[in-house]
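> Submitted below is the structure of interest, expressed as C-alpha cells.
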Amino acid sequence: MAVYDGSPIFLNGLQKFVKDTVDIKVVESFTAVTETLPWLVDVFLVDVDITGAELLGAFTTRLAALAPVLAMAHASIARPAVEAVITAGASGVVDRRISPQGLMDAIRTVGSGDTFVAPVFEVEPSILERQELRELSGREQQVLEMIARGLTHHQIARSMRISRHTVDTYVKRIRSKLNLGNKAELTRVAILRSIAT
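Adding 1342 to a residue's 1-based position in the sequence shown gives its number in this note's numbering.
Next up, the structure:
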C-alpha cells in the first residue's frame, strides 16, 4: 500500500499499526502529491486534504488506473465532494476518525475489488454503480494483457479470433474506463497491471 497523507504523525502511527499484519504493508508514504507514482502497490490510501481539488480529478484517476484508491476525509466534508472523489475513480471513502481495525477492513475491502463508503457519507447508490462500471470486463482485461506483452491490434485480433474493429472498440472502452489519453499511457498501465498480478 502507498499512503498520501499530510500528517507525519498519522503516517508513523499507521506504519506501526500495520507492522504486525500479514496482509497489509506500507510500501511507500508521501506527505504531498508527487509526479512519480509507486510501481507495485495493491491499494492507494489518500487523504483528501493533501490534494484538495486535485484529488477530485486527475490525481485520483491516475492512481485508480494502477490500483484501488481509498480516500480519507473528515465527516464534515460535503456530500458532492465525496461523490466527486468516487466519480474520479476512488473505490471508497472513510472517515478520518475511523478505528485502526476499521481502516484495515476498508483497505482489505477495496483491495479485493469491492467498494467501501463509510455510512456517515450517505453516497447515492447510483454513484457507486457508476464506479463499478469502470471495472474492466474479462475481454477488456485480456486485451490489456496482450498490449502489455507488446502485441499489435492486428495480432490481438488474430489471437482472440475477433475483428480488428472489435479490438479497437475494446481499447477505446479501456481508455475511457481508465481515463487514459494516448497509446503510451495505455501501454504503461497495461505493463504495470501485468507486473502487479
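In this text, a Cβ means the ideal position worked out from N, Cα and C, and glycines have one as well.
1. Where do the N-terminal and C-terminal ends of the alpha helix (DSSP H) with L1412 fall, by residue?
2. Mind listing, in chain order, the continuous alpha helix (DSSP H) runs of no fewer than 4 residues lying wholly within the region 1431 to 1513?
3. Can you give the Cα-Cα distance for R1438 and M1343, rounded to whole angstroms?
4. Please state whether the Cβ-Cβ distance between F1458 and R1421 is less than 8 angstroms.
5. With distance defined between alpha-carbon atoms, name the residue in S1349, D1510, P1461 nearest to H1495.
6. Given a threshold of 16 other Cβ atoms within 10 Å of its Cβ, counted over all protein chains shown, does P1442 qualify as buried or as exposed?
7. Taking the beta strand (DSSP E) that V1388 falls in, what are its first and last residues?
8. Does the CB of V1435 have a neighbour CB from chain C at under 8 angstroms?
9. If you draw a straight line from the alpha carbon of K1519 to that of I1428, how long is it in whole angstroms?
10. Determine the direct distance from the alpha carbon of V1485 to that of T1403, and round the result to whole angstroms.
11. Alpha carbon to alpha carbon, how far is A1532 from A1490? Give it in angstroms, no decimals.
12. Residues in its own chain within less than 6 angstroms of N1521 by CB, not counting five upstream and five downstream?
Let me spell this out:
1. The count along the sequence shown starts at 1 and reaches residue 1412 at position 70. Premise fails: L1412 lies in the beta strand (DSSP E), 1411 to 1415, not in any alpha helix (DSSP H).
2. 1442 to 1453, 1467 to 1475, 1480 to 1490, 1495 to 1502
3. Stepping through the sequence shown from its first residue, residue 1438 is reached at position 96. Stepping through the sequence shown from its first residue, residue 1343 is reached at position 1. Using only the alpha carbons, I get a separation of about 17 angstroms.
4. Within the sequence shown, numbered from 1, the residue matching residue 1458 stands at position 116. Within the sequence shown, numbered from 1, the residue matching residue 1421 stands at position 79. It is not a contact, given that the beta carbons lie outside the stated cut-off.
5. Start at 1 with the first residue of the sequence shown, and residue 1495 comes out as number 153. Among S1349, D1510, P1461, the Cα nearest to that of H1495 belongs to D1510.
6. Against the sequence shown, residue 1442 aligns to sequence position 100. Exposed is the call here.
7. Looking up residue 1388 in the sequence shown gives position 46. V1388 -> beta strand (DSSP E) spans 1386 to 1389.
8. Absent from the structure: chain C. Only one protein chain is present.
9. Counting from one through the sequence shown, the residue named residue 1519 turns up at place 177. Counting from one through the sequence shown, the residue named residue 1428 turns up at place 86. K1519 and I1428: Cα-Cα distance of roughly 13 angstroms.
10. Counting from one through the sequence shown, the residue named residue 1403 turns up at place 61. Counting from one through the sequence shown, the residue named residue 1485 turns up at place 143. Near 21 angstroms, if we compare the C-alpha coordinates of V1485 and T1403.
11. Residue 1490 sits at position 148 when you count from the first residue of the sequence shown. Residue 1532 sits at position 190 when you count from the first residue of the sequence shown. Answer to the nearest angstrom: the Cα atoms are 5 angstroms apart.
12. Walking along the sequence shown from the start, residue 1521 turns up at place 179. Within the same chain, N1521 has close Cβ partners T1403.
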